[in-house]
Amino acid sequence: MKVKQLSVFLENKSGRLATVTKVLGDHQINIRALSIADTTDFGILRLIVDQPDKASQVLKENDFTVSETDVIAVQMSDKPGGLAAVLKVLEDIKINIEYMYAFVGRTDADAVVVFRVEDIDRAVELLQKAGVKLLCAEEVYAF
């Protein structure tokens, strides 16, 4: 139930993000979700793509610094309170969230939230026991 996320180090220079997306597009790699955090000098682009191994390879070949991280993806109802219910489960089982970001699926009924947590294996086990819908990597890449 783990999903591979790519983190790409980007200098805060005009065009760097555009170059990443062009490289991925040129290699027929689809971005499923992304998040960017920046400072004055650099940013970290977090990506979920449909072909993470290929994306990592082509980005490195194009002189980007790339790392891979396991995250979990939770499918939830796209309605008020949907996220709060999942966060309550994580609070109850005392799982700390390092960061998260979300995207909406192909219908207006579901959303997916990507979580990086301190203990991913424990989180997967306990979220499943609580009845939370976790998505496998292939489901996220195709969502």
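Just so you know, numbering that gives the first Met the number 0 puts 94 at position 95 of the sequence shown, and the rest follows in order with no gaps. For every residue, glycine included, the Cβ atom is placed at its ideal position computed from N, Cα and C. The model shown is predicted, which means the values in this text are computed figures rather than measured ones.
Would you kindly check if the distance between the Cβ of residue j and the Cβ of residue i is under 9 Å?
i    : j    : result
E97  : V116 : yes
A32  : A101 : yes
D69  : Q4   : yes
L44  : V2   : no
V112 : L82  : yes
V85  : L125 : no
Which residue wins for smallest C-alpha separation from residue i, given the options the options?
i    : options             : result
D109 : I71, P79, G24, V88  : P79
H26  : I94, Q56, A136, E67 : Q56
T38  : N11, I28, L58, D62  : N11
S76  : S34, L133, M0       : L133
I28  : G42, L58, K93, M99  : L58
Any heavy atom of the ligand SAM closer than 8 Å to the beta-carbon of residue i?
i   : result
I47 : This structure lacks the ligand SAM; in fact it carries no ligand of any kind.
Can you tell me which of the three DSSP states residue i falls into?
i    : result
S55  : helix
Q50  : coil
T38  : coil
A141 : helix
Q4   : strand
D109 : strand
K87  : helix
V22  : helix
K132 : strand
Q127 : helix
I30  : strand
In whole angstroms, what is the alpha-carbon distance linking residue i and residue j?
i    : j    : result
T20  : T64  : 15 Å
P51  : K128 : 28 Å
I119 : E67  : 14 Å
C135 : M0   : 4 Å
D62  : G14  : 14 Å
E137 : F41  : 31 Å
M99  : Q74  : 13 Å
Could you round the C-beta distance between residue i and residue j to whole angstroms and report it? I think they count as a contact, below 8 Å.
i   : j    : result
A72 : V139 : 5 Å
L46 : I30  : 6 Å
L16 : A54  : Not confirmed; about 15 Å, so no contact.
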